[in-house]
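All letters in the sequence shown, in the order written, are residues 73 to 275 by the working numbering.
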Amino acid sequence: MVSKQQLLQKLVVPAAHMAALTPLALTIWHFYTNQLSVNPVREITLRTGRYALILLIASLAVTPLNTLFRRRWLIPLRKILGLYAFGYAALHFLVFVGVDYLFDWELIKGALFEKRYALAGFSAFLILLPLALTSTKGWMRRLGKRWKSLHRLVYLAGGLVIVHFVWLVKSDIRRPLLYGAVLGLFLLLRLPAVRRRQARRRA
Ligand code: HEM
73 MVSKQQLLQK LVVPAAHMAA LTPLALTIWH FYTNQLSVNP VREITLRTGR YALILLIASL
133 AVTPLNTLFR RRWLIPLRKI LGLYAFGYAA LHFLVFVGVD YLFDWELIKG ALFEKRYALA
193 GFSAFLILLP LALTSTKGWM RRLGKRWKSL HRLVYLAGGL VIVHFVWLVK SDIRRPLLYG
253 AVLGLFLLLR LPAVRRRQAR RRA
C-alpha cells in the first residue's frame, strides 16, 4: 500500500517541475508573441535572473521547513529546485555572454571585471556550477562527508547573488534586501543552536 508520505511525494515532485518550468514557457511564449518590453533581451536577462534567485531560495527553504514541521516528503524538492535555479542562472549567463556580448570573450572579460555587479554574479555562478555537477548520488557517495561541506557553499552563492542584485539596482534596494532577509532567515534556522532548540521544543 502507498503511504501518505509516498503519495505526497508523488504529487509534489511533478508539481515542482511544472512550477519551475512555467516561467520559462511563459517567457518563450511572450517572446514569440512580442509581449516582452521594448528591450526584450534585458527583460529576458532580468526574468531569468529573478527566477534563478527565487528557485535558489525555494530550494533552501526545504530543510528548515522539514526541521520545523517534519515534512520529509519535501526533501526531494531541494535538489530539483536547486538544479532548476542553476538552469535559469545558466540561461541568464548565456543571454549575457551570447546575446549582449556575442561571445566576444575579450569584451566579456572586461565587463566582468569592470562591472562589480557582474563579477559578484559570475562568482555566484562559479560556485553553483560544481554544486550542480556533484548533485548526483554517485558524487554524494564519492565525496562522503566533504559533499555536505561543499554544498554548504550554496549560502555563499546566495549571498553573492544578493550582492549582485544590490549593486545592479540604481536606487531602490528594497527588493534585493527582501530576498536577502529571507535567505538570512533560512541560514539562521540552520544554525545548530536554533536546531537544538527546535528539537527540544518538539520533544
Ligand atoms: C554569471 C554571471 C552573471 C552575470 C554576467 C549577470 C548579469 C546580469 C545583468 C546584466 C542583469 C540585468 C541588469 C540590468 O539590466 O538592470 C542581471 C540581473 C539579475 N541577476 Fe544576474 N548575472 C549573473 C549571475 C547571476 C546569478 C548566478 C543569479 C542568481 C542565481 C543572478 C540573479 C540576478 C537577479 C535576481 C537580477 C535582477 C532581476 C530583477 O531586477 O528582477 N545573476 N544580472
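Don't be surprised by glycine CBs; every beta carbon is placed ideally from N, CA and C.
Small disclaimer: the values here were computed from a predicted structure and weren't measured.
Would you kindly work out how many angstroms separate the C-alpha atoms of P202 and F185, rounded to a whole number?
22 Å
Excluding five sequence neighbours on each side, which residues of the same chain lie with their C-beta closer than 6 Å to the C-beta of K82?
none
If you drop the 5 nearest sequence neighbours on each side, which residues of the same chain put their C-beta closer than 7 Å to that of Q270?
T139, L140
Apart from the five residues just before and just after A88, which ones in its own chain have a Cβ nearer than 7 Å to its Cβ?
L149, I152, L153
Using a Cβ-Cβ cutoff of less than 7 Å, which residues in the same chain neighbour F258 once the five nearest sequence positions on both sides are dropped?
L132, A133, P136
Looking only at its chain, what residues have a beta carbon closer than 7 Å to the beta carbon of S195, apart from the 5 residues adjacent to it on each side?
L232
Cβ neighbour criterion (16 or more within 10 Å) applied to F175:
exposed
Quick one: what's got a C-beta closer than 7 Å to L260's C-beta in the same chain, skipping five residues either side?
V266
Shorter than 8 Å, the distance from the beta carbon of A130 to the closest heavy atom of the ligand NAP, or not?
This structure lacks the ligand NAP; its bound ligands are the ligand HEM.
Let's test the definition: count the other Cβ atoms within 10 Å of the Cβ of F165 and tell me whether it reaches 16, buried, or not, exposed.
buried
So, using beta-carbon positions, are Y189 and F237 closer together than 9 Å?
yes
Which ranges does the alpha helix (DSSP H) cover as unbroken runs of at least 4 residues, wholly within the segment 116-193, from first to last along the chain?
147-166, 177-186
Inspect the CB distances between the segment 236-250 and the segment 212-227 and report whether three or more fall short of 8 Å.
no
Beta carbon of T120 nearer than 9 Å to that of T94:
no
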